[in-house]
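For reference, the structure is listed below as structure tokens.
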Amino acid sequence: MSRHLRATTLAVLAGLAVAQTASAVGVVRGPYLQTPTDTSIIVRWRTDAPTSSRVKIGAAPGSLTTSFDDGSAVVDHVVSVTGLTAGTQYYYSVGSIAGAFVGDDPGYYFRTDTFGLYPFRIWTIGDAGFPNATLDAVRDSFKAYNGGSSTTDLFLLLGDNAYGSNLLANDANYQTAVFGEHAEMLRTTPVYSTFGNHERFVAQDLTQTGDYFNMFSFPTAHEAGGVSSGTEAYYSFNFHEVHFIVLDSEDYASSPGAMSPMLTWLQADLASVTPTQVWTIALWHRPPYSRGLLHNSDTEGNEINMRQNVLPILDGFGVDLVLSGHSHSYERSYLLDGHYGMANTFTDAFKKDLGDGDPDGDGAYRKESPYAGSAHSGAVYAVNGSGSEVRMATLDHPAHVRGLLEAGSMVLDVTRTTLTARFLSSAGVVDDQFQIVKGVDGCLNAPATGCGTAVRGKLTMRNGKWGWRWKGGTIDPAEAGDPTGEADLRVCVYDQTGGLLGGDVLHGKPEWKAVKRGFLYRDRTASRFGFEKIKIRTGTPSLGAGIQVKARYALPSLPASLPVVAQLVNLDNGKCWSSEFATPRFNQSDRFLAVIP
Amino acid sequence: VTLRFLLVGRLALVLAVGLAPAAAFAHAGIDALDATSRDEVTKHPDDPQAHLARARVLQMQGEWDAALEEIEIAANHGGDPDMLGQSRGFIYLEAGFPRMAKIEFDRVLARRPDVYPLVFARGRAWLAIGNAEAAARDFGEAIAKGPGPTPEQVIVHRDALLGIGKKEDALRALDAGMARVGHVVSLELPAIDLELELGRPDRALERIDALAKTGPPNPLWIARRGEILDKAGRGAEARAEYEKALALIAQKPAERLGKPIEDLKRRLELALASTDKGGTGK
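As they're listed, the protein sequences go chains A and B.
Residue 399 in the numbering used here sits at position 399 of the first sequence; the count goes up by one each step and never skips.
Residue 105 in the numbering used here sits at position 105 of the second sequence; the count goes up by one each step and never skips.
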């Protein structure tokens with residue numbers, strides 16, 4: 001019997017009792033949303049008595065015109081809503097074929113995914129299993145931070161999502177700690193989760209049995225992108241241009257010899273990330289770097305296995321961010337690459353950037369490639385496990401730049417070029433933030449303002465070469481930063497139509513070296529934005545402070561639209577030094593020369 | 001429906017609890033669980049569930065005798081015999097008494113033959129006893145009929161058969177697994193290896209093609225296709241595949257080539273150079 005016919009038959013059998021049935025049955029869990037794609041989403045809910053399932057959708061409350069039915073009488077309802085339009089908001093209701101139970105009002109809607117829709121926001125919590133006042137405060141602080149709305153684009157649970165008094169992540173405790181606490185958000189925000197050790201107490205990843213696997217519908221057959229994993233214990237999906245990898249840190253990373261199925265899949269999945277993806281975010285429960293109370297990544301086997309067997313694969317494919325929980329605290333690393341040993345083997349050599357990644361501090365972490373998958377470009381590791389409790393600990397793992405003994409959650413704001421992560425405390429305070437910037441913009445933006453000036457300057461553009469000198473001003477060494485360490489610089493020439501020449505020169509490149517009172521960049525092949533030489537000498541005019549740039553580049557179309565501005569910007573702190581040329585000696589189709597004074 | 005749901009759910013819960021090896025829980029969180037389960041037993045001395053939970057914690061700590069004692073207390077307070085039997089079975093299995101475990105599993109399965117995760121667990125007991133054929137039978141049944149078989153279970157099934165030299169059966173086990181799990185890379189790649197070991201490159205190629213359909217174009221699969229053709233002495237076709245894989249790699253910016261892909265690229269270039277010299281790239 002076809003599903004439609006079966007559904008129709010049931011409806012007929014229900015007869016005149018339709019309205020009564022609809023109103024008598026209660027929704028005791030959800031609805032909640034899973035596995036969103038650009039054309040589909042899964043809607044789940046639980047009723048207090050077995051009924052058929054119907055999701056109705058439409059463009060506005062009161063206009064739900066399309067139905068998706070399942071005639072089987074169940075208490076746990078799972079309905080795939082398909083044939084949707086990308087990037088579209090739909091309102092919905094859930095119920096039986098006899099009638100709707102809840103929804104069809106402004107509080108019940110979802111939005112389909114769409115490639116290229118930016119910016120978007122992710123809320124993520126870990127170890128949020130105690131349904132207590134702390135969890136309430138963590139949840140409410142996000143709502144307040146989010147403009148008074150619980151709705152966001154994705155909700156990520158980092159495992160140990162429910163404890164209860166017996167510390168078991170079973171159905172009853174999930175009912176309270178997840179489906180009760182977050183009911184408002186779950187109605188409008190798709191949720192994904194990873195498998196924690198407390199889920200492991202009452203569910204089995206080997207057989208996908210137990211409460212955890214019964215209550216979620218994660219993609220296992222590349223329904224939402226990625227490569228089929230065949231199991232909900234680990235899986236991948238795409239959301240906008242972000243590729244997400246969800247791993248199982250409980251049982252599957254301990255195969256030093258032959259690759260476990262999870263690791264075989266992981267490598268294939270990352271190898272297939274398409275050139276259009278921008279970000280890769282991985283999440284699993286047990287942190288590879290942590291010094292939380294009772295959870296030390298040097299002594300717990302699963303953490304060691306993840307670090308030794310999984311991280312080399314992730315580094316090889318340039319994963320950007322790894323989110324974990326387990327330790328009931330917040331710890332956040334530098335931008336790291338290549339550290340798989342114990343904490344006492346960690347040195348600065350494993351830091352891709354010596355700074356804190358805070359755009360208001362040492363400056364954002366920058367990656368040259370604008371796409372996902374740039375090998376060994378560094379990843380930030382965040383332990384976000386204080387969703388409902390904080391446990392006192394030393395938090396002194398050297399991989400981490402920050403350790404906080406505060407209850408809270410993380411908010412990720414993602415655009416095509418920036419990923420900004422904030423730790424939001426239960427008091428509603430952002431106590432840590434970091435940013436990863438993808439790609440160099442090649443002077444596409446407008447010139448910076450408020451820059452330091454010099455009494456002398458010279459700009460030449462001719463015969464495929466250009467040069468700029470800035471002299472007679474002051475450059476504070478602290479403001480100039482250290483490009484051999486962490487300072488990312490931008491050297492650009494602009495006219496009134498926009499950027500003409502130059503680009504970003506990121507820190508740590510081997511072409512940089514420290515010289516007396518400054519730094520020198522030398523590249524005889526001029527392979528990076530054509531820069532042959534950048535010399536920065538700090539201090540005062542009397543100490544010879546100045547900037548000297550020599551570069552080769554395909555020259556822009558001249559004459560330039562005046563005035564022309566040449567400038568050096570420290571991207572990490574926004575400090576800049578600039579020369580403005582309003583009256584050039586030559587401004588012709590093949591030559592530009594301007595001198596100040 | 002509700003009753004069945006609850007029953008299956010409870011059995012699954014016990015299964016999950018019992019199956020977990022103690023090593024997986026060798027972490028400090030066990031202290032908190034230990035205290036909690038102790039409190040629960042003190043507060044609810046007549047509740048069989050509290051004693052079962054306590055047994056579970058003791059099992060995690062490797063306290064086998066104490067765990068079995070808690071199960072007996074649960075039995076004295078009217079605990080579900082199937083759940084108690086399974087729990088005992090898992091403790092015996094983990095404690096290194098597979099024959100005792102199998103007896104417990106047999107008892108439960110005689111009443112509830114449809115609890116397939118338990119059939120899989122009995123397979124593990126058979127394997128520990130040394131009867132790989134019986135183990136493989138249970139694994140196969142559990143995977144074919146169980147609610148959500150996983151790649152890991154299929155690999156266990158394959159390994160049981162390979163352990164007794166049954167490559168054809170191992171291949172069939174992988175196929176039967178994929179019929180349930182899907183054509184996932186973690187099963188299709190071992191199947192390709194087995195096809196090649198069994199001297200069937202054409203079948204291996206068909207599998208590669210099936211794998212290629214499960215995701216976006218992947219240079220790993222194209223390269224593997226070339227290598228299979230190469231080993232089969234079909235140099236010209238192999239060369240075409242190598243070139244195709246290199247072209248796909250070339251679409252990625254240089255800085256995006258991680259070590260695995262860089263290694264692959266080098267391997268492909270060497271293979272191409274070898275075929276250039278008139279031989280195969282083997």
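Ideal Cβ positions, reconstructed from N, Cα and C, are used throughout, including at glycine.
Legend entry - Straight-line gap, Asn-146 of chain A to Tyr-340 of chain A (C-alpha atoms, nearest Å): Roughly 37 Å separates the two Cα atoms.
Inset, instruction - For chain A, find out if any of its Cβ atoms is closer than 8 Å to the Cβ of Arg-215 of chain B; answer yes or no. - result: The identity of residue 215 of chain B in the sequence shown is Gly, whereas the question assumes Arg. Yes, its Cβ sits closer than 8 Å to a Cβ of chain A.
Inset, instruction - Return the chain-ordered ranges of every beta strand (DSSP E) run that is complete within the region 66-118 of chain A and spans a minimum of 3 residues. - result: Runs of the beta strand (DSSP E) inside the region 66-118 of chain A: 89-96, 99-103, 109-111.
Legend entry - Unbroken alpha helix (DSSP H) run spanning Arg-416 of chain A, endpoints: That residue, Arg-416 of chain A, is in no alpha helix (DSSP H); it is neither H nor E in DSSP.
Inset, instruction - Grab me the residues of Glu-72 of chain B's own chain with a C-beta within less than 7 Å of its C-beta, minus the 5 sequence neighbours each way, in chain order. - result: Cβ contact annotation for Glu-72 of chain B (same chain, cutoff 7 Å, sequence separation greater than five): none.
Inset, instruction - Check Gly-467 of chain A in the structure and name its three-state DSSP category. - result: Residue state, collapsed to three classes: strand.
Inset, instruction - Return the residue from the list A:Ala-427, A:Leu-404, A:Ala-545, A:Gly-518 that minimises the CA-CA distance to Gly-473 of chain A. - result: Across the set A:Ala-427, A:Leu-404, A:Ala-545, A:Gly-518, the C-alpha of A:Ala-545 shows the shortest separation from the C-alpha of Gly-473 of chain A.
Legend entry - Test item: CB-CB of Asp-160 of chain A and Gly-129 of chain A under 8 Å: Cβ distance < 8 Å, so Asp-160 of chain A and Gly-129 of chain A count as in contact.
Legend entry - Of the residues A:Val-455, A:Leu-157, A:Gly-403, A:Thr-299, the one placed nearest Val-542 of chain A, counting alpha carbons only: According to the sequence displayed, residue 542 of chain A carries Ser and not Val. It is A:Val-455 whose Cα lies nearest to the Cα of Ser-542 of chain A.
Legend entry - Strand pairing of Phe-423 of chain A, partner residues [DSSP]: Note: Phe-423 of chain A sits in a beta bridge opposite A:Met-410, A:Asp-432.
Inset, instruction - Quick one: give me the first and last residue of the beta strand (DSSP E) that His-285 of chain A is part of. - result: It is not in any beta strand (DSSP E) - His-285 of chain A carries neither H nor E in the DSSP assignment.
Legend entry - the region 183-203 of chain A in contact with the region 149-163 of chain A per 3-pair CB rule at 8 Å: Contact check between the region 183-203 of chain A and the region 149-163 of chain A: three or more CB pairs, one atom from each, fall below 8 Å, which counts as touching.
Inset, instruction - Would you mind sorting Met-342 of chain A into buried or exposed? The rule is 16 or more other CB atoms within 10 Å of its CB. - result: Taking a 10 Å sphere around the C-beta of Met-342 of chain A, we find fewer than 16 other C-beta atoms and assign the residue as exposed.
Inset, instruction - Determine which residues of the region 125-155 of chain A have a Cβ less than 8 Å from any Cβ of chain B, and write them out in chain order. - result: Taking 8 Å as the Cβ-Cβ cut-off against chain B, none of the residues of the region 125-155 of chain A qualify.
Legend entry - Buried/exposed call for Gln-588 of chain A, threshold 16 Cβ in 10 Å: The residue is exposed, with fewer than 16 neighbouring Cβ atoms inside 10 Å.
Inset, instruction - Provide the residue(s) that pair with Glu-184 of chain A in DSSP beta bridges, ordered along the chain. - result: Paired residues: none, contrary to the question.
Inset, instruction - Kindly say whether Tyr-235 of chain A, judged by its beta-carbon, lies nearer than 8 Å to any beta-carbon of chain B. - result: False, the Cβ-Cβ gap to chain B never drops below 8 Å.
Legend entry - Three-way DSSP call (helix, strand, coil) for Ala-372 of chain A in this model: Residue state, collapsed to three classes: coil.
Inset, instruction - Kindly indicate which residue of B:Arg-88, B:Gly-62, B:Glu-63 has the alpha-carbon position closest to the one of Ala-74 of chain B. - result: Checked all of B:Arg-88, B:Gly-62, B:Glu-63; the closest Cα to Ala-74 of chain B is B:Arg-88.
Inset, instruction - Reducing DSSP to helix, strand and coil, say where Lys-145 of chain B ends up. - result: Helix.
Legend entry - 6 Å Cβ shell around Arg-490 of chain A - same chain, five flanking residues per side excluded: Around Arg-490 of chain A: Asp-504, Val-569, Leu-571.
Inset, instruction - Kindly indicate which three-state DSSP category Leu-520 of chain A falls into: helix, strand or coil? - result: In this structure, Leu-520 of chain A counts as strand in the three-state DSSP scheme.
Legend entry - Bridge-paired residues (DSSP) for Arg-112 of chain B: According to DSSP, which records beta bridges pairwise, Arg-112 of chain B is partnered with nothing at all.
Legend entry - Ranges of the beta strand (DSSP E) found wholly within the region 456-503 of chain A, counting only runs of at least 3: At a cut-off of 3 residues, the continuous stretches assigned as beta strand (DSSP E) that sit fully inside the region 456-503 of chain A are 456-462, 465-471, 489-495.
Legend entry - Reduced DSSP category for Ala-514 of chain A - H, G, I as helix; E, B as strand; rest coil: The three-state reading of DSSP puts Ala-514 of chain A in strand, counting E and B together.
Inset, instruction - Per DSSP, which residues does Val-184 of chain B bridge with? Please list them. - result: In the DSSP assignment, no residue is bridged to Val-184 of chain B.
Legend entry - chain B contact for Arg-187 of chain A (CB, 8 Å cutoff): Under the Cβ distance rule, Arg-187 of chain A does not count among the residues neighbouring chain B, no pair being separated by less than 8 Å.
Legend entry - Coarse secondary structure for Lys-533 of chain A, derived from DSSP in three states: Three-state result, Lys-533 of chain A: strand.
Inset, instruction - Examine chain A for any beta-carbon lying closer than 8 Å to the beta-carbon of Ala-28 of chain B, and answer yes or no. - result: Because Ala-28 of chain B sits at a pLDDT of 41, beneath the cut-off of 50, its placement in the model cannot be relied upon, and the following sentence gives the value as read from the coordinates. Cβ-Cβ to chain A under 8 Å: yes for Ala-28 of chain B.
Inset, instruction - Tell me whether Ser-165 of chain A is buried or exposed, calling it buried when 16 or more other Cβ atoms sit within 10 Å of its Cβ. - result: It is exposed - the Cβ of Ser-165 of chain A has fewer than 16 other Cβ atoms within 10 Å.
Inset, instruction - Quick one: which residues of the region 201-225 of chain A get their C-beta closer than 8 Å to a C-beta of chain B? List them in chain order. - result: Only those residues of the region 201-225 of chain A whose C-beta falls short of 8 Å from the nearest C-beta of chain B are listed: Phe-201, Val-202, Ala-203, Gln-204, Asp-205, Leu-206, Thr-207, Gln-208, Thr-209, Gly-210, Asp-211, Phe-213, Asn-214, Thr-220, Ala-221, His-222.
Inset, instruction - List the residues of chain B whose Cβ lies closer than 7 Å to the Cβ of Pro-261 of chain A, in chain order. - result: Within chain B, the residues whose beta carbon sits less than 7 Å from that of Pro-261 of chain A are Pro-151, Glu-152, Ile-155, Ser-186, listed in sequence order.
Inset, instruction - Would you check if there are 3 or more beta carbon pairs closer than 8 Å linking the region 204-221 of chain A to the region 159-173 of chain B? - result: With contact defined as three or more Cβ pairs closer than 8 Å, the region 204-221 of chain A and the region 159-173 of chain B are not in contact.
Inset, instruction - Output yes if chain B places a C-beta closer than 8 Å to the C-beta of Trp-45 of chain A; else output no. - result: Taking Cβ atoms only, chain B never reaches closer than 8 Å to Trp-45 of chain A, which makes this a no.
Legend entry - Contact set for Ala-582 of chain A: own chain, Cβ-Cβ below 7 Å, skip 5 residues either direction: These residues qualify, in order along the chain: Leu-562, Pro-563.
Legend entry - Helix, strand or coil at Gly-9 of chain B [DSSP, three-state]: Unreliable positioning characterises Gly-9 of chain B in this predicted model, as indicated by a pLDDT of 39, which lies under 50. The coordinate reading is nonetheless provided below. Helix.
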